[in-house]
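Inspection log for the structure reproduced underneath, given as structure tokens.
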Amino acid sequence: MTRTNDIALFQAVDIKKNYGSVTALHGANLTAKRGEVVALIGPSGSGKSTLLRCLNFLEKPSSGAVVLGGERFEAKDFAKPNRTARGRLIGLRRRVGMVFQSFNLWPHRTALENVMEGPLQVLGVSRAESKDRAQALLARVGLTQREHAYPSELSGGQQQRVAIARMLATDPEVLLFDEPTSALDPELVGEVLGVMQSLAQEGRTMLVVTHEIGFARDVADKVVFMTQGAIREEGTPEEVLHGTRSEALRSFLGRFRRNEVRA
Ligand code: ADP
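Going by full-length UniProt numbering, the final residue of the sequence shown carries number 263, and the count climbs one at a time with no gaps.
Printed below as a string of structure tokens:
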């Protein structure tokens, strides 16, 4: 099924990132079209998470740029951001939502309050509207019955679904997922992947760092393989996961053979 069109919605342009003497990214170029699902795979420490975090400037790239819907965010303009630059960064982060491995919910707020917070603070909508929105989103992720539960009363899979609802509440154009199922018990992975798959089917633009090769194969339009801070291969799931592969990719995928059989 083709859900994408040819508009490049989101782009990383030659993004480099250094942490002191460690170069985590050597100059990554990546494009997501509107409605495209991009899966980033690769061994631990290959720079996937750093790239994702640079895309919404959660980490400031050392150089390069991010382009979102034609607006260009040059790393050099944000090294020491003035008021205008800070305003632009807030705008970027509003348009690019993110879900983390560790959920990052407010522990002393209920599921409903966690989801209401963004629209209240960021969009400035009324409490009533924010509540309606949050309830609809909790229904969307299958958690209507748990809206008054605190995070500690929820399973990891439920917490991650609340985190997805919270991200959606501010209506972002691009959704970033940083290993969203890695902290979950295996039996809870499917409920989160199911929600992500339904978002993909809705035509959302998504970039997903994942170890779930089955998800990359079945849901992604494009798979990107990274090692040592660089993108080594990219293409359709068929091309990357089943086509001619570099030794590094063959060896990486070999470790996931069990997942592929299971999925
Ligand atoms: P991945 O997501 O593929 O596991 P990361 O992006 O987390 O990889 O890490 C890439 C490299 O950058 C690793 O060598 C890691 O140790 C380093 N790195 C990541 N974050 C930091 C940080 N905050 N400070 C120093 N080094 C970091």
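Idealized CB from N, CA, C, for every residue including glycine.
* To do: Using 7 Å as the cut-off, classify the Cβ of T50 as near or not near the heavy atoms of the ligand ADP, replying yes or no.
  => yes
* Cα separation between M116 and A248? -> In this structure, the CA atom of M116 is about 44 Å from the CA atom of A248.
* To do: Please indicate yes or no: does the CB of S251 lie closer than 7 Å to some heavy atom of the ligand ADP?
  => no
* Length of the line joining the Cα atoms of N114 and Q160 -> C-alpha separation (whole angstroms): 12 Å.
* To do: Using 7 Å as the cut-off, classify the Cβ of S102 as near or not near the heavy atoms of the ligand ADP, replying yes or no.
  => no
* Best match in Q145, A139, D185 for proximity to S155 [C-alpha to C-alpha] -> Checking every option, the nearest Cα to that of S155 belongs to D185.
* Asked: Cβ of S198 versus every heavy atom of the ligand ADP: is any distance shorter than 7 Å?
  -> no
* Do three or more CB pairs link the segment 43-50 to the segment 89-96 at distances below 8 Å? -> no
* So is the beta-carbon of V22 under 7 Å away from any non-hydrogen atom of the ligand ADP? -> yes
* Asked: For V208, is the beta carbon positioned less than 7 Å from some heavy atom of the ligand ADP?
  -> no
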